[in-house]
Amino acid sequence: MHCSMKVVGFVGSPRKGGNTDILVGHALKGAVDAGAKRTVVHLNDLAFRDCQGCGYCKKAGECRLNDGMDDIYPLVQECDGIILGTPIYFGMPTGTAKSFIDRWYAFLNADFSSRILPGKKAALILPQGDANPDVYAPMAAHLSATMEFFGLRVAAPLIVPGLLEPGEVEDDSAMMDRAYALGRWLVSE
Numbered sequence: 002m003h004c005s006m007k008v009v010g011f012v013g014s015p016r017k018g019g020n021t022d023i024l025v026g027h028a029l030k031g032a033v034d035a036g037a038k039r040t041v042v043h044l045n046d047l048a049f050r051d052c053q054g055c056g057y058c059k060k061a062g063e064c065r066l067n068d069g070m071d072d073i074y075p076l077v078q079e080c081d082g083i084i085l086g087t088p089i090y091f092g093m094p095t096g097t098a099k100s101f102i103d104r105w106y107a108f109l110n111a112d113f114s115s116r117i118l119p120g121k122k123a124a125l126i127l128p129q130g131d132a133n134p135d136v137y138a139p140m141a142a143h144l145s146a147t148m149e150f151f152g153l154r155v156a157a158p159l160i161v162p163g164l165l166e167p168g169e170v171e172d173d174s175a176m177m178d179r180a181y182a183l184g185r186w187l188v189s190e
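Yeah, the sequence shown ends on 190 if you go by this note's numbering, and it's all consecutive.
What follows is the structure in structure tokens.
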């Protein structure tokens, strides 16, 4: 099978080797097994500031903050698929994941149309401690709507409830299979 697609996994958890990292890695394995090339980015390893809301990007076509996002913007533009994994802390994505999405403001034109190249797919992986998978469904829907606003085709979010210990998701074969299937979906037509 020949495939020249690129999939980038963004891990919004500060915990390497934790449930989010494991699930994003397994989704990337699905993409690789379907023929894609993969890149993984641990957002916590980047040094970047919050969006300043200055509007410079609307005039210049790029963000004026020179920081860790400088290498990320081209990754988003060049890839075919994006995986964003973030644990849910207090009903929200991690602060790092939220700041990462806020910096996507630089992908918007002055009329708020997206500068992200069309045809991309996205998958959201959202582990949480709460055992009720529906308790934070509005937040998951909001993240999906945000990705769609930028023109990405988004799979149904993978909400993985009841995870309290690092790495325990590996014991849940159904969730691991769903993460793998998300990665394969990113590469499918």
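Here a beta-carbon is modelled for each residue, glycine too, at the ideal position from N, C-alpha and C.
Where does residue i fall in DSSP's three states?
i: L187; result: helix
i: K7; result: strand
i: R116; result: coil
i: E171; result: helix
i: P75; result: helix
i: K38; result: strand
i: L144; result: helix
From residue i to residue j, what does the alpha carbon distance come to, in whole angstroms?
i: R179; j: L159; result: 8 Å
i: K60; j: F91; result: 36 Å
i: M2; j: L187; result: Confidence in M2 is poor, its pLDDT being 43 and thus under 50, which makes the residue's placement too unreliable to answer from.
i: A107; j: P134; result: 32 Å
i: E166; j: P128; result: 11 Å
i: N45; j: P15; result: 5 Å
i: C64; j: A48; result: 15 Å
i: C52; j: M93; result: 18 Å
i: H142; j: V41; result: At residue 142 the sequence reads Ala, which differs from the His that was named. If you take the alpha carbons of A142 and V41, they lie about 24 Å apart.
i: D173; j: I73; result: 32 Å
i: H43; j: G13; result: 7 Å
i: Y137; j: S145; result: 13 Å
i: K17; j: M176; result: 19 Å
i: T97; j: I23; result: 18 Å
i: G19; j: E171; result: 10 Å
i: R104; j: E190; result: 29 Å
i: G62; j: A132; result: 43 Å
Under 8 Å by Cβ, that's how I've got residue i and residue j pegged, so tell me the actual separation to the nearest angstrom.
i: L29; j: G10; result: 5 Å
i: L125; j: L85; result: 6 Å
i: G31; j: G184; result: 3 Å
i: G152; j: K122; result: The Cβ separation is near 11 Å, so there is no contact.
i: L192; j: S115; result: In this structure the chain extends from 2 to 190, so residue 192 is not present and cannot be described.
i: V37; j: M6; result: Note that residue 37 corresponds to Ala in the displayed sequence, not to Val. Right, their Cβ atoms sit about 4 Å apart.
i: T87; j: T147; result: At roughly 12 Å, the Cβ-Cβ gap does not stay under 8 Å, so T87 and T147 are not in contact.
Go to residue i, then tell me how far its alpha helix (DSSP H) extends in each direction, as first and last residue.
i: T87; result: Neither: T87 is in no alpha helix (DSSP H) and is coded neither H nor E.
i: L29; result: N20 to D34
i: L125; result: Counting along the chain, L125 falls outside any alpha helix (DSSP H), though it belongs to the beta strand (DSSP E) covering K122 to P128.
If I follow the unbroken beta strand (DSSP E) through residue i, where does it start and stop?
i: P134; result: No beta strand (DSSP E) holds P134; DSSP gives it neither H nor E.
i: L159; result: L159 to V161
Return the residue from the list the options that minimises the CA-CA distance to residue i.
i: M140; options: F150, R50 and I89; result: I89
i: Y181; options: V155, A35 and R154; result: A35
i: V8; options: I102, D103, G26 and E149; result: G26
i: D68; options: L118, D103 and R50; result: R50
i: C58; options: R39, L118, D112 and E190; result: D112
i: I117; options: Q78, R154 and E149; result: Q78
i: G130; options: L76, G54 and L164; result: L164
i: C80; options: P119, F150, P162 and A157; result: P119
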